[in-house]
Amino acid sequence: MANPRIVILGAGLGGAIAAFEIRAAVGDKAQVSVVSQGDTFHFVPSNPWVAVHWRKREAIEVKLPPVFKKKGIAFTGVGARRVDPANNRIELSDGATMDYDYLVIATGPELAFDEIEGLGPHGGFTQSICHVDHAETAAAAFDRFVDNPGPIVVGAVQGASCFGPAYEFAMILDTELRRRKVRDKVPMTFVTSEPYVGHLGLDGVGDTKGMLESEMRERHIKWITNARVTSVEAGVMHAEEVGEDGAVKASHDIPFAFSMMLPAFRGVEAVRGVEGLTNPRGFILVDKHQRNPTFPNVFALGVCVAIAPTGKTPVPVGVPKTGFMIESMVTAIAHNLGDIVDGRPAKHEATWNAICLADFGDGGVAFVAQPQIPPRNVNWSASGKWVHLAKVGFEKYFLAKVKRGESEPFYERLALDVMGIRKIKP
């Protein structure tokens with residue numbers, strides 16, 4: 203009997219690491235293949251640095267085919283058009299098909315710029331740092347802006363589920379503008395769907411509210427929370443500020459000469475609308491073992507996974523899937539597949555803990571949430587210049603790991619030791 207075929211769909215922050223860890227877990231007892239859109243890994247957390255020229259694109263890229271070949275992992279970069287879980291098949295973008303026995307979906311999200319008129323870099327008026335292509339476009343726009351400075355608007359729209367990069371980019375812009383001696387010419391406003399500064403889609407972690415509000419006051423950044431962006435036109439963002447009762451409390455027409463707004467996410471087209479596989483938004487439904495209840499040979503990890511919000515908010519706010527949370531999903535899936543190919547049932551669960559380093563260029567905020575969704579065993583946050591250095595170190599560590607084809611998420615244990623937090627044993 204032929205070895206089972208395991209296919210990983212996606213080769214980003216979660217998918218690439220999943221391929222390495224699954225390969226190690228199943229050994230020679232299964233075939234492992236990766237389907238990706240393109241053949242290059244990008245370290246997404248560095249995109250804010252690319253957008254202000256603190257990094258070049260090539261510094262955060264890894265060509266994947268030689269790495270996968272060295273590890274005995276088959277690879278195609280043509281992308282997927284449609285997943286057909288009822289028939290254990292993927293239709294590829296070039297018209298070919300690929301059959302599987304087990305599928306691991308790690309596609310990340312589709313960016314829903316089209317849900318708000320005028321949003322985004324594709325025919326819209328705002329920039330993005332969600333993809334390295336967008337970050338390069340933002341860098342060029344920022345260069346033009348510095349030659350003729352004016353107001354800046356940064357933030358995250360309704361339905362967004364990734365807020366840390368918005369705070370990072372606002373502070374990084376402040377740092378870079380001061381270095382260029384033009385900060386005094388740039389009023390800045392932070393516009394967010396969060397009910398308060400520092401909510402982060404997690405109802406806060408430690409004192410993220412106090413720390414981020416203090417940081418923004420120190421940097422002269424005004425903010426509007428509970429904001430619903432209705433449309434964007436050249437130089438003006440239109441937003442409604444919503445009260446606790448859901449009624450519009452105020453309307454804002456916010457001028458800008460440069461803007462970066464994080465969009466809402468949805469599932470990618472290849473999976474969206476597959477009955478039993480996704481929720482209405484297109485995110486993959488999973489149980490505690492990261493497997494789909496309807497199609498138990500399908501696993502999912504990362505931003506494409508459906509997670510319920512922490513609670514009701516006046517404006518829709520999603521839950522982030524942080525880097526370590528994603529790697530804990532990877533480890534659970536790899537161990538479960540290792541057990542399955544050996545004839546044992548899946549029993550491993552992801553920790554879903556959150557460790558985040560938010561870099562502000564000349565400092566930053568770090569937080570640890572165990573588990574990510576409250577109530578928590580650990581609810582810790584801190585700030586300082588060390589956060590910037592820690593993120594630089596983590597970038598180098600992660601890129602080196604991908605280049606070597608390794609997956610060993612030791613940094614949760616390291617972070618807890620360094621931060622003086624006792625790890626809570628399961």
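According to my numbering, the sequence shown holds residues 203 to 628 in order. Every residue, glycine too, gets a C-beta built ideally from N, C-alpha and C.
Determine the contact status of residue 648 and residue 414, defining contact as a CB-CB distance below 8 Å.
There is simply no residue 648 to check, as the chain begins at 203 and stops at 628 in what is shown.
Taking the alpha carbon of residue 242 as the reference point, which residue from 597, 524 and 212 has its own alpha carbon closest?
Per the Cα distances, 212.
Helix, strand or coil: which one does DSSP assign to residue 301?
Residue state for residue 301 is assigned as strand, using DSSP reduced to three classes.
Drop a sphere of 10 angstroms on the beta-carbon of residue 296, count the other beta-carbons inside from all chains shown, and report buried for 16 or more, exposed for fewer.
So residue 296 counts as exposed.
Any idea if residue 568 is buried or exposed, counting beta-carbon neighbours within 10 angstroms, 16 or more meaning buried?
Note on residue 568: 16 or more other CB atoms within 10 angstroms of its CB, so buried under the neighbour-count rule.
Would you mind stating whether residue 431 and residue 463 have Cβ atoms separated by less than 8 Å?
Result yes, Cβ atoms of residue 431 and residue 463 sit closer than 8 Å.
Return helix, strand or coil for residue 246, following the three-state DSSP convention.
In the structure shown, residue 246 sits in a helix (DSSP, three-state: H, G or I).
Between the segment 506-516 and the segment 482-492, do at least 3 Cβ pairs fall closer than 8 Å?
Below 8 Å, enough C-beta pairs join the segment 506-516 and the segment 482-492 to call them touching: three or more.
Between which residues of its own chain and residue 351 is the CB-CB distance below 6 Å, once the five residues before and five after are set aside?
Excluding positions up to five away in sequence, the list reads 384, 387 and 388.
Could you tell me whether the Cβ atoms of residue 438 and residue 517 are closer together than 8 Å?
For the pair residue 438 and residue 517, the CB atoms are not nearer than the 8 Å cut-off.
List, from N- to C-terminal side, the alpha helix (DSSP H) runs of 4 residues or more that fit wholly inside the segment 549-611.
As far as the segment 549-611 is concerned, its whole alpha helix (DSSP H) runs of at least 4 residues are 588-606.
Nearest CA to the CA of residue 373: which residue from 328, 498, 312 and 420?
Per the Cα distances, 420.
Whose CA, out of 254, 283, 257 and 453, lies closest to the CA of residue 309?
For the set 254, 283, 257 and 453, the Cα lying nearest the Cα of residue 309 is the one of 283.
Which of helix, strand or coil does DSSP assign to residue 207?
Correct three-state label for residue 207: strand.
Would you call the segment 254-267 in contact with the segment 566-581, where contact means no fewer than 3 C-beta pairs closer than 8 Å?
Counting Cβ pairs under 8 Å, fewer than three are found: no touch.
Which of the three DSSP states, helix, strand or coil, is assigned to residue 405?
Three-state result, residue 405: coil.
Taking the C-alpha atoms as reference points, what is the distance between residue 255 and residue 556?
One C-alpha to the other measures close to 28 Å.
From the DSSP output, which residues share a beta bridge with residue 224?
Beta-bridge pairing links residue 224 to no other residue.
Any idea if residue 453 is buried or exposed, counting beta-carbon neighbours within 10 angstroms, 16 or more meaning buried?
Flag for residue 453 reads exposed.
Please look up how many angstroms separate the CB atoms of residue 207 and residue 233, rounded, as I've assumed it's under 8 Å.
Confirmed, Cβ separation roughly 5 Å.
Using the rule of at least 16 other Cβ atoms within 10 Å of the residue's Cβ for burial, across every protein chain shown, is residue 377 buried or exposed?
Under this definition residue 377 is a buried residue.
For the alpha helix (DSSP H) containing residue 268, name the first residue and the last one.
The continuous alpha helix (DSSP H) containing residue 268 extends over residues 266-272.
May I ask which residues mark the beginning and end of the alpha helix (DSSP H) holding residue 420?
Taken as a continuous stretch (DSSP letters only), the alpha helix (DSSP H) holding residue 420 covers 410-420.
Once the 5 residues before and after residue 587 are set aside, which same chain residues still bring their CB inside 6 Å of it?
Excluding the 5 residues flanking it on each side, residue 587 has same chain C-beta neighbours closer than 6 Å at 565, in chain order.
Can the beta-carbon of residue 303 be found closer than 8 Å to that of residue 583?
At the C-beta level, residue 303 and residue 583 stay beyond 8 Å of one another.
With a cut-off of 8 Å, do at least 3 Cβ pairs link the segment 348-365 to the segment 470-479?
Look at the beta carbons and you see the segment 348-365 not touching the segment 470-479: under three pairs across the two are nearer than 8 Å.
State buried or exposed for residue 450, treating a residue as buried only when at least 16 other CB atoms are found within 10 Å of its CB.
When all chains shown are included, residue 450 counts as exposed.
So the alpha helix (DSSP H) residue 392 belongs to, where does it begin and stop?
Looking at the DSSP string, residue 392 is not in any alpha helix (DSSP H); the run it does join, the beta strand (DSSP E), is 390-394.
How many Å lie between residue 404 and residue 575 at the Cα?
Between the alpha carbons of residue 404 and residue 575 lies a gap of roughly 6 Å.
So is residue 370 buried or exposed if we call it buried at 16+ other beta carbons inside 10 Å?
A residue is called buried once 16 or more other Cβ atoms fall within 10 Å of its Cβ, and residue 370 is buried on that count.
Cα-Cα separation between residue 225 and residue 591, rounded to whole angstroms
In a straight line, the C-alpha of residue 225 is about 32 Å away from that of residue 591.
Under DSSP, the beta strand (DSSP E) around residue 515 begins and ends at which residues?
No beta strand (DSSP E) holds residue 515; DSSP gives it neither H nor E.
Rounded to whole angstroms, what's the CA-CA distance from residue 672 to residue 216? Just pull it up for me.
Examination of residue 672 is not possible in this model, given that the chain is present from 203 through 628 alone.
Residues bridged to residue 425 by DSSP?
Note: residue 425 sits in a beta bridge opposite 392.
Residue 151 to residue 250 span [Cα, whole Å]:
Residue numbering for the chain in the displayed model covers 203 to 628; residue 151 lies beyond these limits and cannot be assessed.
I'd like to check one pair, residue 497 with residue 478: are the Cβ atoms closer than 8 Å?
Yes. Within cutoff.
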